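Below is one structure; the comments refer to it alone.
Here's what the structure looks like:
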């Protein structure tokens, strides 16, 4: 069972981390343009418009700031999860961020929207990752061994 958990935590870190990075690349228009298959936003303006849909109670400028903050957090969390640095803290932050997205989607678009994109599952997975005792194949594990 121990081998299974070492592989599954790596898989979970990579899946969550690459998911965050893919979303950031999409909104920056680096993986395709609006209207292409499998492209959610395709450019920054489309992403900011979607952010306003999720946060209709905020002014446009404040909604844009939230879009920037979410993007920075996703890029940072993605990178840290992939390399396995400060994994427990990063996983908690990732869980909270995706839970926030899921709840915003529920209130703005209905209960089914976050399930269509597995946002609750990603949040739960991040919290599960945070509860693991150690992270083999990570910078955390390497620094633990040298301490």
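Residue numbers (the numbering used here): 81 to 227. For each residue, glycine too, the CB sits at the ideal point set by N, CA and C. Small disclaimer: the values here were computed from a predicted structure and weren't measured.
query                                                                                                         : result
Buried or exposed by the 16-neighbour rule on C-beta atoms within 10 Å, applied to residue 89                 : buried
Classification of residue 93 by the beta-carbon crowding that lies within 10 angstroms, buried from 16 upward : buried
For residue 200, three-class secondary structure by DSSP                                                      : helix
Among 84, 85, 161, the one whose alpha carbon lies nearest that of residue 173                                : 161
Given 8 Å, three or more beta-carbon pairs between the stretch 196 to 204 and the stretch 125 to 141          : no
CA nearest to the CA of residue 222, picked from 167, 109, 145, 126                                           : 167
Rounded C-alpha distance that separates residue 125 from residue 150                                          : 15 Å
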